[in-house]
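Numbering (the UniProt record's numbering), first residue to last: 1 to 69.
Even for Gly, the Cβ is constructed at its ideal location relative to N, Cα and C.
For reference, the structure is listed below as structure tokens.
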């Protein structure tokens, strides 16, 4: 399975959109808070909250895949 396929499968496992996940993760890992992420990406604040909560549940392997992809 390619890295892209693995990434998409991981997103489905958590019920997340791959594009939104990359956007939220990219800012979250840089230290932005949820409101700042919402403002910068124009993603609904509740959606950002959901994605950050899910990110905190990711396994180390899932985080590595997210960073790699």
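* Asked: Do you know whose CA, among 30, 18, 68, 69, lies nearest residue 54's CA?
  -> 18
* To do: Look at residue 35 and residue 45 and say whether their C-beta atoms are less than 8 Å apart.
  => Less than 8 Å divides the Cβ of residue 35 from the Cβ of residue 45.
* What do you reckon, are the CB atoms on residue 27 and residue 40 nearer than 8 Å? -> Cβ atoms of residue 27 and residue 40: closer than 8 Å.
* Exposed or buried, which one is residue 43 when buried takes at least 16 other CB atoms within 10 Å? -> buried
* Asked: Which residue's Cα is closest to the Cα of residue 47: 59, 15, 62?
  -> 15
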